[in-house]
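Residue numbers (numbering that gives the first Met the number 0), protein chains in the order written: chain A, 0 to 105; chain B, 0 to 131.
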Amino acid sequence: MQSADSLFHALADPTRRGLLEHLMAGGEANVAALTRVAGVSQPAVSKHLAVLKLAGLVNDRPDGRQTHYSAAPEALRPLRDWVQTYTAFWDLHLDRLADTLNRMDQ
Amino acid sequence: MSDTRSVEFERNLPHPAAKVWRALTEPHLMADWLMSTDFEPKLGHRFKLKADWGEVSCKVVELDPPHRLAYSWDAMGLESTVIWTLTPSGEQTMLRMVQTGFQPDQARAFAGAKVGWTRFLDNLDRLMTTFD
Numbered sequence: 000m001q002s003a004d005s006l007f008h009a010l011a012d013p014t015r016r017g018l019l020e021h022l023m024a025g026g027e028a029n030v031a032a033l034t035r036v037a038g039v040s041q042p043a044v045s046k047h048l049a050v051l052k053l054a055g056l057v058n059d060r061p062d063g064r065q066t067h068y069s070a071a072p073e074a075l076r077p078l079r080d081w082v083q084t085y086t087a088f089w090d091l092h093l094d095r096l097a098d099t100l101n102r103m104d105q
Numbered sequence: 000m001s002d003t004r005s006v007e008f009e010r011n012l013p014h015p016a017a018k019v020w021r022a023l024t025e026p027h028l029m030a031d032w033l034m035s036t037d038f039e040p041k042l043g044h045r046f047k048l049k050a051d052w053g054e055v056s057c058k059v060v061e062l063d064p065p066h067r068l069a070y071s072w073d074a075m076g077l078e079s080t081v082i083w084t085l086t087p088s089g090e091q092t093m094l095r096m097v098q099t100g101f102q103p104d105q106a107r108a109f110a111g112a113k114v115g116w117t118r119f120l121d122n123l124d125r126l127m128t129t130f131d
């Protein structure tokens, strides 16, 4: 529950969605490279990356004075599984509804 | 791709609409097929659905007995809406259930944003397959 909450919060911001998309499409990048594509300041990019990291959406790899960021798309699973989860859920519960109706008085 | 975040079911039930409506709105009957709840058939009423795996926070947003019922459905940090539509046909009822996820309402909320929800979700499956 906690992770889905922070996931949704992390993705609520369009700049963060953009950063994540960029990392998913382009592999590893450092803050300077991400700042060039984000259109916001480097400190702002760092803050956004921290939120994405907290939600498990990006990994960071320190390398000397640089930090390289990469996407961790498996953290997106709750979004991807949403339809599957609820399709199974309602299929089961609508069967139960039919049973309930059969047992009810008119 | 506009319906990638919705789930739809239709069931033809051999019961009159009034009876199906009762099953959808009376807490002791809802507990039998869905989850235990403090639901009340009042517009704006906030209620919980509780199961052993957790709970869902809901609010009645549409109420038109015995035709249409809708409530918000907030679980695991993801908000959606569940809409029930009953269409009587003699002694039978066509029951339609639609659950729409955080699209399109929340996509609209971010309209004009650099990377909108719609584009992000449309790209999601394609992007993720490159990592599988």
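Ideal placement from N, C-alpha and C gives every residue a C-beta, glycine not left out. Note that the coordinates shown come from a computational prediction; the quantities given were computed from them, not determined experimentally.
Residue i vs residue j beta-carbon contact at 8 Å
{"i": "S69(A)", "j": "V57(A)", "result": "yes"}
{"i": "A54(A)", "j": "L6(A)", "result": "yes"}
{"i": "T36(B)", "j": "K49(B)", "result": "yes"}
{"i": "W32(B)", "j": "D98(A)", "result": "yes"}
{"i": "T80(B)", "j": "S71(B)", "result": "yes"}
{"i": "P64(B)", "j": "W20(B)", "result": "yes"}
Whole-Å CB distance - residue i paired with residue j, under 8 Å assumed
{"i": "L136(B)", "j": "P26(B)", "result": "For chain B, the structure presents residues 0 to 131; residue 136(B) sits outside this window and is missing."}
{"i": "A24(A)", "j": "R15(A)", "result": "At roughly 15 Å, the Cβ-Cβ gap does not stay under 8 Å, so A24(A) and R15(A) are not in contact."}
{"i": "F38(B)", "j": "T24(B)", "result": "7 Å"}
is_contact[residue i, chain B] using C-beta, thresh 8 Å
{"i": "H92(A)", "result": "yes"}
{"i": "R95(A)", "result": "yes"}
{"i": "M0(A)", "result": "Low confidence applies to M0(A): its pLDDT is 36, below 50, so where it sits in the model is not reliable, and the reading given next is rough at best. Yes, M0(A) counts as interfacial toward chain B."}
{"i": "L48(A)", "result": "no"}
{"i": "Y85(A)", "result": "yes"}
{"i": "D138(A)", "result": "In this structure chain A extends from 0 to 105, so residue 138(A) is not present and cannot be described."}
{"i": "V44(A)", "result": "no"}
{"i": "A54(A)", "result": "no"}
{"i": "V82(A)", "result": "yes"}
Helix, strand or coil at residue i according to DSSP, with G and I counted as helix
{"i": "H67(A)", "result": "strand"}
{"i": "S45(A)", "result": "helix"}
{"i": "K41(B)", "result": "coil"}
{"i": "G17(A)", "result": "helix"}
{"i": "W81(A)", "result": "helix"}
{"i": "S5(A)", "result": "helix"}
{"i": "G38(A)", "result": "coil"}
{"i": "L10(A)", "result": "helix"}
{"i": "E78(B)", "result": "strand"}
{"i": "D62(A)", "result": "strand"}
{"i": "P65(B)", "result": "coil"}
Residue i classed as buried or exposed, judged by whether at least 16 other C-beta atoms fall within 10 angstroms
{"i": "T99(B)", "result": "buried"}
{"i": "L91(A)", "result": "exposed"}
Distance cut-off 7 Å: residue i Cβ against heavy atoms of the ligand GDP
{"i": "A28(A)", "result": "The ligand GDP is not part of this structure, which contains no ligands at all."}
is_contact[residue i, chain A] using C-beta, thresh 8 Å
{"i": "D73(B)", "result": "no"}
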